[in-house]
Amino acid sequence: MYRSQQLALKYLAAAIVIFGAMVVAGLMSAYYYINPDFLFGLLHFNISKTLHIDTLVIWLLFGFIGAVYWYLPEEFGIEPVGIKAAEVLFYVLCAAIAVVTLVFVFIQYGPSNEVGMWLVNQGRKYVEAPRWAAVGIVVVMLVFAYNVIGTAIRARKITGIVGVLIVDLIPLIVLYLDAFPAARNMSVDLFWWWWLVHMWVEATWEVLIGCIMAWALMNLLGTSRRIVEAWLYIEVALVLGTGILGLGHHYFWIGTPQYWLAVGGFFSAFEPLPLLGMVIHAIYDAGTHHMKTTNRPAFYWMLAEAFGNFIGAGVWGFMMTLPQVNLYSHGTQWTVSHGHFAFWGAYACGVISVCYLVLQKVRGSAFLDGITWRWAFAALNVGLVGMVGALLISGFAQAFIERAQGGSTLEAFIAGQENFWFLDGMYARFAFGLIFAAGYVVLAYDLLTIGRRLPVHAMAVAE
Amino acid sequence: MAKVSQIEDPQFWRAGAISIVLVMLIVLIMLTVDSLAAITVGGSHVPPYTVINQKIGYKLESSRGIDVPTIGEKELLFQHEYTPAEAEALIDKGKLVIQSRACMDCHTFFGNGAYYGPDLTKAWLDPAWEGWKGITGAETRAEAMTRFLMDPVKYRTWGRTMPNLHLSREEATAIVAYLKWMAAVDTNGFPANFGQISVNQ
Amino acid sequence: MKFDLLETALLLGGIAFLAGCYGLLYGVGRLAQRQSIMLAGFACYAFLCVLVAVIVSTTPLAGPWKAIVVVFALGFLGIPPVTWRFLERTHPHRRRS
Ligand code: HEM
Ligand code: HEM
Ligand SMILES: [Fe+2]
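As given, the protein sequences belong to chains H, P and G, one line each in that order. For the first sequence, our numbering gives the first residue as 196, with consecutive numbering after it. For the second sequence, our numbering gives the first residue as 472, with consecutive numbering after it. For the third sequence, our numbering gives the first residue as -6, with consecutive numbering after it.
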């Protein structure tokens, strides 16, 4: 095994651990909605929620980075350059994450000046981490980019997938630089903040996971490189063709000119179309190879990714992306519903799939299957779809009562939050959250043990 | 068959991808330049910070068919007329307070943030402050907001309470100014039907 | 009343969802080479067209948005067969029929 692949294992293991922290923080955040006195005076909703969404970003990034470190040496047939620095940085980064978590939990707020921004909390959604930690993340990403680019140079070879990956890493890192400024003007602040958030999740990350899935497909199904690369280019063209100007669906109400209603509504309305193409592709591959796959869990998680991306991002996104609807759905639990479904479908399932692919190689299993992964798969997906459905009901109630009827005042807000449908949605979300958490535990157990438990038994089950 | 091989050829699709992305990026950059002009302070959608010295409203503009902020006669904040430099310093402080306490991980600004607390886009215009004046024993809306922000637990109204974030008077003042300025930003009609009942008289 | 907001959103979501069903059934039908499954797919698409008609005739969406919904629905009609043909052409050795 290459050293970069050993590093990949560390990144993937850390990703799954941080995923667990995220689930705990998510359950806490959800619990405040049904018991607002929970930990009052000690730790408030904003802190648990910050931990929830920041760990979300971190574990997915860890998953992506791990996947790339795994496939990179196979792509080039040599040990990637600069792995030593990357190994050191992995530990530094983990330590930094632990420190930031402690700071968030125990210090929570800093002074309202630059010192607070550098050392404690920046208070900007998804990029709350203090600037010193953000510097660390930039360094890690730069070294990561160096590993990729340097290896291509040393190998004197560039493949289509690596080419796309390199071109994608540049905007991905540059966009992250928006984690530093504290623009005084909220409209300007949010303008660039959405470049970061939207262009990450609906553009650069889509391309990144596209590259990873291309490797995974060649690996899992033995699809030829030519086909995979042609498909990757088409995906890039369609996803970026609609997604870049789809950015406009976040510029309806933040102070930006009115033409964004037309631009954002138009382009983002077409964002779901390429996602359907990916579903068709998944069905085609599933049908033509189903009997041949040696890694059932990876295969099913990959299918879940295609369907989840379409429904979570495509269907849920399309529901609220036209400005006339978004005027009322904007910034409600409806948004939360979409956010969960889309992140789950588009990224989380893909990272889990990669974990199984890698484990098959590591444990040397000719055949990966069993009962446990099925339970994890079922509980996680049922939990997630249940949460998303509950949030949609709450979101409908909120959009209707608070936004449309009440006109978004404090009184209207309270009326919405105390509405029977809203509250029931919150209870149901918590209940399904527990199912999801149970699924997480099973998943973690399965990842630890699959391929180590009686392979013969696994063979029998697969028949 | 030339056509078939072209469809199979990754180079063909790569050229397509590059051209599409370039076209989209160019359009995006043009729109960005234009938008930044509109949203810089004093641009067509975002008022200068000295707007905090004036009366702010939110009214239906029939030509656009949406609610837009109105900027009226002089209405001082904390009985003080802020110069442009003072106003800018105050707003600057307000933004840093908002970030340092992570308000945005409970509240939304222009609908962006978290959904545990109410949207603050038009918080300055919230009809609730009329009642809060009585509850807090304040003469003005600004004073009532300041007192609420400095000790929200004391003025809790329902099950969910905003925690005490240990804001100094100076910090609370800066937030009030920030919220007043924000209420004067043209948000294309968001939120709709805001406080139809009592905001504008 | 603003109840048409929820109705509109649900109709929009329904369109996208039915498009997904159509794509799924179309693909499975092609794989299994079963006309009946393909027909079920087209039935989903027909139902989708009904929802588009309801959107166009009853919801408060402005004209241009209704036009976009129609174009969107037409786009979905084409995607499954076009993608399928592309996949079959590019996977020459695995062609099934
Ligand atoms: C046990 C499972 C989970 C629970 C109970 C949970 C709960 C929550 C809660 C309460 C919020 C705050 C929403 C608000 O501001 O009101 C939140 C936000 C969020 N969560 Fe989760 N979550 C869970 C799992 C996940 C997973 C698996 C993902 C992604 C893969 C995810 C992604 C997000 C995102 C993106 C947000 C921000 C959404 C927004 O503000 O619109 N969560 N979650
Ligand atoms: C990979 C795909 C996607 C992911 C991971 C994703 C995730 C998210 C998240 C987390 C948010 C909440 C952001 C926040 O306020 O913090 C959001 C908002 C939004 N998304 Fe997506 N999304 C995806 C694709 C799409 C697509 C394809 C559409 C449209 C068809 C869409 C439409 C929207 C809209 C309109 C909002 C704004 C919601 C509001 O006004 O509050 N998204 N998305
Ligand atoms: Fe977006």
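Where is the CB? At the ideal position from N, CA and C, for every residue including glycine.
- Of all residues in the region 34 to 47 of chain G, none is placed with a Cβ closer than 9 Å to any Cβ belonging to chain H.
- From the beta-carbon of Val431 (chain H), no residue of chain G is found nearer than 8 Å; the closest lies around 15 Å away.
- A heavy atom of ligand 1 is found nearer than 7 Å to the CB of Tyr587 (chain P).
- The beta-carbon of Phe447 (chain H) is placed no less than 8 Å from the nearest beta-carbon of chain G.
- Ligand 1 has a heavy atom closer than 7 Å to the beta-carbon of His247 (chain H).
- At a cut-off of 7 Å, the beta-carbon of Glu500 (chain H) does not count as near ligand 3: no heavy atom of the ligand is closer than that.
- The C-beta of His239 (chain H) comes closer than 8 Å to at least one C-beta of chain P.
- If you draw a straight line from the Cα of Val357 (chain H) to the Cα of Glu613 (chain H), it is about 52 Å long.
- Between Ala12 (chain G) and Leu471 (chain H), the C-beta spacing is below 8 Å.
- Residues of chain H whose Cβ lies closer than 9 Å to the Cβ of Ile61 (chain G) are, in chain order, Gly460, Phe461, Ala464, Phe465 and Leu517.
- Distance from the Cα of Leu416 (chain H) is smallest, within the candidate group H:Ala481, H:Asn308 and H:Gly559, for H:Ala481.
- Comparing alpha carbon positions, the residue from H:Glu282, H:Thr488 and H:Trp395 closest to Phe339 (chain H) is H:Glu282.
- Counting only Cβ-Cβ distances below 8 Å, Thr527 (chain H) has contacts in chain P at Tyr586, in chain order.
- If you compare the alpha carbons of H:Val392, H:Gln519, H:Ser524 and H:Pro268 with that of Leu587 (chain H), the shortest gap goes to H:Ser524.
- Here DSSP, grouped into helix, strand and coil, assigns Lys530 (chain P) to strand.
- The beta carbon of His484 (chain H) sits no closer than 7 Å to any heavy atom of ligand 3.
- Within the region 535 to 598 of chain P, the complete beta strand (DSSP E) runs of at least 3 residues fall at 537 to 545.
- Proximity of the region 526 to 534 of chain P to the region 613 to 622 of chain P falls short of the contact definition, fewer than three beta-carbon pairs being nearer than 8 Å.
- Within 10 angstroms of the beta-carbon of Gln477 (chain P) lie fewer than 16 other beta-carbons, which makes it exposed.
- Look at Gly472 (chain H): its C-beta is under 8 Å from a C-beta on chain G.
- Judged by DSSP in its simplified three-state form, Gln525 (chain P) adopts strand.
- If you check the CB distance, Met495 (chain P) and Gly578 (chain H) do not come in under 8 Å.
- Distance from the CA atom of Pro57 (chain G) to the CA atom of Leu493 (chain P), rounded to whole angstroms, is 27 Å.
- At least one CB atom of chain P sits nearer than 8 Å to the CB of Asn316 (chain H).
- Within 7 Å of the C-beta of Lys244 (chain H) there is at least one heavy atom belonging to ligand 1.
- In the assembly as shown, Leu643 (chain H) is an exposed residue. Its beta-carbon has fewer than 16 other beta-carbons within 10 Å.
- Using a Cβ distance threshold of 8 Å, Arg379 (chain H) and Glu274 (chain H) do not count as a contacting pair.
- Within chain P, the residues whose beta carbon sits less than 8 Å from that of Pro306 (chain H) are Ser571, listed in sequence order.
- Within the chosen limit of 7 Å, ligand 2 does not reach the beta carbon of Ser548 (chain H) with any heavy atom.
- Taking a contact to require three or more Cβ pairs closer than 8 Å, the region 368 to 387 of chain H and the region 564 to 582 of chain P qualify as touching.
- Legend: CB atoms of the region 6 to 35 of chain G lying less than 7 Å from CB atoms of chain H belong to residues Gly6, Ala9, Phe10, Ala12, Gly13, Gly16, Leu17, Gly20, Val21 and Leu24.
- Residue pairing for Asn490 (chain H): DSSP places it in a beta bridge opposite H:Leu563.
- Among the CB atoms of chain P, one or more fall inside 8 Å of the CB of Gln453 (chain H).
- In the three-state reduction of the DSSP assignment, Lys556 (chain H) falls in the helix class, which pools H, G and I.
- Gly460 (chain H) counts as buried, since no fewer than 16 other beta carbons sit within 10 angstroms of its beta carbon.
- In this structure, the CA atom of His484 (chain H) is about 43 Å from the CA atom of Ala457 (chain H).
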